[in-house]
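At position 222 of the sequence shown (counting the first as 1) the number is 223 in our numbering, and the numbers step up by one without a gap.
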Amino acid sequence: MSSNDSGNRVLSGMRPTGRLHLGHYHGVLRNWVQLQHEYECFFFVADWHALTTNYEHAQDIEQHTFTTVVDWLAAGVNPGAATLFVQSKVPEHAELHLLLSMITPVSWLERVPSYKDQQAKLNDRDLATYGFLGYPLLQSADILVYRAGHVPVGADQVAHVELTREVARRFNHIYGREPGFEEQAEAAVAKMGKKASKMYRDLRRRYLEQGDAEALERARALLSEQQNLSIGDRERLFGYLEGGGRIILPEPQALLTPQAKVPGLDGEKMSKSYHNTISLREAPESVEEKVRTMKTDPARVRRSDPGNPDVCPVFSLHEIYSDEDTRTWAAKGCRSAGIGCLDCKKPLIDAINEEQATMRSRAEQFEQDPDLVQSILLEGAEKARDAARETLDAVRSAIGISYK
Ligand code: TRP
Ligand code: SF4
Numbered sequence: 002m003s004s005n006d007s008g009n010r011v012l013s014g015m016r017p018t019g020r021l022h023l024g025h026y027h028g029v030l031r032n033w034v035q036l037q038h039e040y041e042c043f044f045f046v047a048d049w050h051a052l053t054t055n056y057e058h059a060q061d062i063e064q065h066t067f068t069t070v071v072d073w074l075a076a077g078v079n080p081g082a083a084t085l086f087v088q089s090k091v092p093e094h095a096e097l098h099l100l101l102s103m104i105t106p107v108s109w110l111e112r113v114p115s116y117k118d119q120q121a122k123l124n125d126r127d128l129a130t131y132g133f134l135g136y137p138l139l140q141s142a143d144i145l146v147y148r149a150g151h152v153p154v155g156a157d158q159v160a161h162v163e164l165t166r167e168v169a170r171r172f173n174h175i176y177g178r179e180p181g182f183e184e185q186a187e188a189a190v191a192k193m194g195k196k197a198s199k200m201y202r203d204l205r206r207r208y209l210e211q212g213d214a215e216a217l218e219r220a221r222a223l224l225s226e227q228q229n230l231s232i233g234d235r236e237r238l239f240g241y242l243e244g245g246g247r248i249i250l251p252e253p254q255a256l257l258t259p260q261a262k263v264p265g266l267d268g269e270k271m272s273k274s275y276h277n278t279i280s281l282r283e284a285p286e287s288v289e290e291k292v293r294t295m296k297t298d299p300a301r302v303r304r305s306d307p308g309n310p311d312v313c314p315v316f317s318l319h320e321i322y323s324d325e326d327t328r329t330w331a332a333k334g335c336r337s338a339g340i341g342c343l344d345c346k347k348p349l350i351d352a353i354n355e356e357q358a359t360m361r362s363r364a365e366q367f368e369q370d371p372d373l374v375q376s377i378l379l380e381g382a383e384k385a386r387d388a389a390r391e392t393l394d395a396v397r398s399a400i401g402i403s404y405k
């Protein structure tokens, strides 16, 4: 595959943190299931990423990886449609990470927002490591090694895709020029006259080194204004502006995952660390118990008190699970105190359990036969490696260390 048709590739990864929950399902997995039919998808378990924040508890990673993949399969991710694999089975991620580390300024990593945020938040962990500083670059390698065009991520990961774009741009800038291209481009710059040449060079540097989009705009405008450039030189200078010559590592786009707000049992965002989750493939009695005791509008103390669905987390679940008739019934009944909270929760318990039943039945064969999961992952890793090797061949030869 050439780097130009990579627009159709999607790559995303998930850390192995154990059982997935309804937040993952409605936030991420349903999106993946949709994408797998529209794009060539690569989905992987980011086991090395788990080590970057938790190297002291590495003993759980393997079990969690297995559980994560079974949850994906349960949710309807289809190994016939998408390529599923484990990061550490594709060592090309590590090779590209290393090569990219040579050209990545430390300051770019220090200014990634999650670097300081996580250090402040996870203060029980040792995050003063080289690996933790470099993990967004590892993520860049994950993406670029497949030359993926689209990366479905949540809002918290957009900065990492942005870093990836900057690193790709810098790589192409340093290693992507064709023989003779630079000389010709430089000669064309000189033809613009002293003032315009200097301006072009400054703006170009600002764009290539700092990813300054405004500088790119201004440089393009500057080129458009030039009267005495031939068409050939004009084209050369537009190309030169964005790194010039060949694009070995195309810049990916973030595909922002629509934020399904799945409330947890306490009304906060559903999250494992808040202990407020309903897992995928949870037993029906447990789902029932959890929803029955789930937080409601706190103003509705007695059955006879009217409530407000707009502030009730149970109603947010209706927005995900119920049809319009049921939602209207619940909202009206709540406001008029015509129904009790347990009445309101009943159709939800049924809907969640119905969804879970499908997932449990999909997961059953995999739980009983772990070798089946192993063979899916093995096949996935082989496919992923074929794609990754192609990129590494191009990368090594662009750098000049291919030793053919
Ligand atoms: N860093 C991501 C997270 O913590 C997981 C991840 C690793 C990822 N590599 C990726 C996501 C590449 C998208 C693309 O959620
Ligand atoms: Fe919430 Fe439903 Fe109770 Fe109203 S009736 S407070 S929407 S659970």
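Every residue gets a Cβ at the ideal spot worked out from N, C-alpha and C, and that includes glycine.
The beta carbon of Tyr136 lies closer than 7 Å to those of His50, Thr53 in the same chain, with the five residues before and after it left out.
In this structure, Thr105 is the residue among Thr105, Lys195, Leu138 with its C-alpha nearest to the C-alpha of His174. In this chain, the alpha helix (DSSP H) harbouring Ser317 covers 314-322. His22 sits in a strand when the DSSP states are folded into three classes.
Annotation for Gln254: no alpha helix (DSSP H) segment contains it, though the beta strand (DSSP E) segment containing it runs 254-257. Nearest neighbour of Thr329 by Cα position, chosen from Cys342, Lys347, Pro310, turns out to be Pro310.
Taking C-alpha positions only, Val91 is separated from Val288 by approximately 38 Å. Annotation: the continuous alpha helix (DSSP H) that includes Val162 extends over 159-176. Burial is judged here by how many other beta carbons sit within 10 angstroms of a residue's own beta carbon; Glu252 has at least 16 and is buried.
Listed as beta-bridge partners of Thr84 by DSSP are Phe43. Bridge pairing for Leu12: Phe43 [DSSP]. In terms of side-chain proximity, the C-beta atom of Gly308 is found nearer than 8 Å to a non-hydrogen atom of the ligand SF4. Distance between Ser225 and Gly8, taken at the CA atoms: about 28 Å.
Straight-line spacing of the CA atoms in Phe44 and Val71 works out to 13 Å. Gln369 has its Cβ no nearer than 8 Å to any heavy atom of the ligand TRP.
Fewer than three pairs of CB atoms, one per stretch, sit closer than 8 Å, so the segment 359-371 makes no contact with the segment 27-38.
Boundaries of the beta strand (DSSP E) harbouring His151: 151-154, taken from the DSSP string.
Across the set Arg293, Gln227, Glu365, the C-alpha of Gln227 shows the shortest separation from the C-alpha of Tyr201.
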